[in-house]
Ligand SMILES: Cc1cc2nc3c(=O)[nH]c(=O)nc-3n(C[C@H](O)[C@H](O)[C@H](O)COP(=O)(O)OP(=O)(O)OC[C@H]3O[C@@H](n4cnc5c(N)ncnc54)[C@H](O)[C@@H]3O)c2cc1C
Ligand SMILES: NC(=O)c1ccc[n+]([C@@H]2O[C@H](COP(=O)([O-])OP(=O)(O)OC[C@H]3O[C@@H](n4cnc5c(N)ncnc54)[C@H](OP(=O)(O)O)[C@@H]3O)[C@@H](O)[C@H]2O)c1
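Numbering (our numbering), first residue to last: 72 to 441.
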């Protein structure tokens, strides 16, 4: 059972255009939604009750061994009971409405990313870490309806308005130049980024179990995101830090690494910085801004470059039974992250491929890249 407590606490004021609208602008945005079926609260459902800073319960492996620490297959550590998949199929999608759609990257960012909220009336019962499908309006070049595209859900199960009646996405507008020099716009991402409040949107799913959160409220959760791969982690972090749940009170460590090209493309920066300010013992936040930052060797600051700065610490965390790593975003990041892990594991005489396999089996290494 969950309970969202609605409070009216202001987020830190924004100086950049990459921030979500604050409560006041969220509230005023309701005025341009024409249908009277749509109603949403005038405040974000955030609960800022201080999380107890009492002793953290962590189980650390007692010894450093020269063999891969054995990972015993246990009862699932993820929150899987009652997880719904494919309630809505492409032939019979749920029709929601766009309640809010806002650009969250700065005007000088390479590319646009939008945050959008759709009404579900509670009919799309998703969990943190799942995705939904969207069927864009219109037909393809063969005259057939467009196929669905998948998007990671960016809101917690309670939704951005705390009433379990909405689902949010974080979508990058795809625009590229093809071999003939023509500018091509991705079908579904442009459909979504151009959606106006009040417009209908066809939703399928929910789908996916790979990225479900661990049940253990004392877990260490390492989140590795590039670009819009941040979506599932915003969802996790809202549940951990912005909400009150009877059966879940996070008191572990959440560590987010986010890689983006420029500081104007940092996604949800102010939300995350606010969490860090409120819960410094439970939240660590590291950005890798690839086109503005370098490491001491002058190398481009990718997410794995930033992680390498904490390599020993990360490796020690990975030896714990209640550390869960999640990776989401660009496919290329997986190899980069594997590369640093190979050398770290090798220092302890451990074969990374084998160890990763055991972590995966125990639900501790979770990857959704595309
Ligand atoms: C599980 C999952 C979750 C996802 N979550 C998200 C998310 O949260 N946010 C998000 O924004 N996206 C997400 N995606 C990606 C999303 O599903 C779409 O693929 C994306 O939005 C592009 O769809 P589109 O319809 O706009 O492009 P389409 O019209 O489908 O065009 C895409 C095609 O264009 C071509 N193409 C693309 N780039 C180039 C290029 N540079 N040069 C040449 N050809 C190119 C490729 O053939 C590609 O298949 C996710 C994907 C998966 C599988
Ligand atoms: N569940 C999922 O599977 C899921 C969910 C959400 C998004 N996605 C996918 O994630 C991708 C996110 O793209 P985006 O356009 O939103 O991101 P973006 O804003 O372009 O940011 C991506 C960042 O990753 C960097 N990068 C590039 N190659 C890398 C590599 N090999 N290793 C590590 N970092 C690398 C980029 O650096 P430079 O550009 O400077 O090189 C940039 O800083 C999309 O392809 C989307 O489809 C998947």
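Backbone N, C-alpha and C fix where the C-beta goes; we use that ideal spot for every residue, glycine too.
Just so you know, these numbers come straight off a predicted model, no measurement behind them.
- Item | Start and end residues, alpha helix (DSSP H) containing residue 426 | 423-432
- Query: Where DSSP assigns a beta bridge to residue 302, which residues make up the other side?
  - Reply: Answer is none; residue 302 lacks a bridge partner.
- Taking residue 272 as the reference, which of 373, 407, 421 and 188 has the closest Cα? 188
- Message: Quick check on the DSSP output: the beta strand (DSSP E) that includes residue 508 runs from which residue to which?
- Response: One cannot answer for residue 508 here, as it falls past the ends of the chain, which runs 72 to 441.
- Quick one: any contact between the region 283-295 and the region 215-231, if contact means 3 or more CB pairs under 8 Å? no
- Message: Just checking residue 399 against ligand 2 - is the residue's beta carbon closer than 7 Å to any of the ligand's heavy atoms?
- Response: yes
- Closer than 7 Å: is that where the CB of residue 247 sits relative to any heavy atom of ligand 1? yes
- Message: Bridge partners for residue 400 per DSSP, in chain order?
- Response: 440
- Beta-carbon proximity of residue 173 to residue 338, cut-off 8 Å: no
- What three-state label does DSSP hand residue 130 in the structure shown? Because the pLDDT of residue 130 is 26, which lies under 50, any placement of that residue in the model is unreliable, and the number read from its coordinates should be weighed accordingly. In this structure, residue 130 counts as coil in the three-state DSSP scheme.
- Message: According to DSSP, simplified to helix, strand and coil, what is residue 178?
- Response: coil
- Nearest to residue 202 by alpha carbon, out of 274, 153, 190 and 166? 274
- Query: Exposed or buried, residue 302, counting other C-beta atoms within 10 Å across all chains shown (16 or more means buried)?
  - Reply: buried
- Task: Inspect the CB distances between the region 354-364 and the region 322-337 and report whether three or more fall short of 8 Å.
- Result: yes
- Item | Straight-line Cα distance separating residue 441 from residue 375 | 17 Å
- Task: Determine the extent of the beta strand (DSSP E) in which residue 294 is found, giving its start and end residues.
- Result: 291-297
- Should the region 233-242 be regarded as contacting the region 192-209, the criterion being three or more beta carbon pairs within less than 8 Å? yes
- Message: Would you call the region 341-358 in contact with the region 248-263, where contact means no fewer than 3 C-beta pairs closer than 8 Å?
- Response: no
- Item | 6 Å Cβ shell around residue 307 - same chain, five flanking residues per side excluded | 199 and 284
- Query: When the distance is taken between beta carbons, is residue 385 closer than 8 Å to residue 378?
  - Reply: yes
- Message: Considering only heavy atoms of ligand 1, does any lie closer than 7 Å to the CB of residue 331?
- Response: no
- Straight-line Cα distance separating residue 313 from residue 210: 40 Å
- Going by Cα to Cα distance, which pick from 166, 266 and 290 is closest to residue 236? 166
- Query: Under a three-way DSSP split, which group does residue 103 fall into?
  - Reply: Because the pLDDT at residue 103 is just 28, under 50, the model does not fix this residue reliably, and the point stays unresolved.
- Item | Member of 176, 371 and 195 whose CA lies at the smallest distance from the CA of residue 278 | 195
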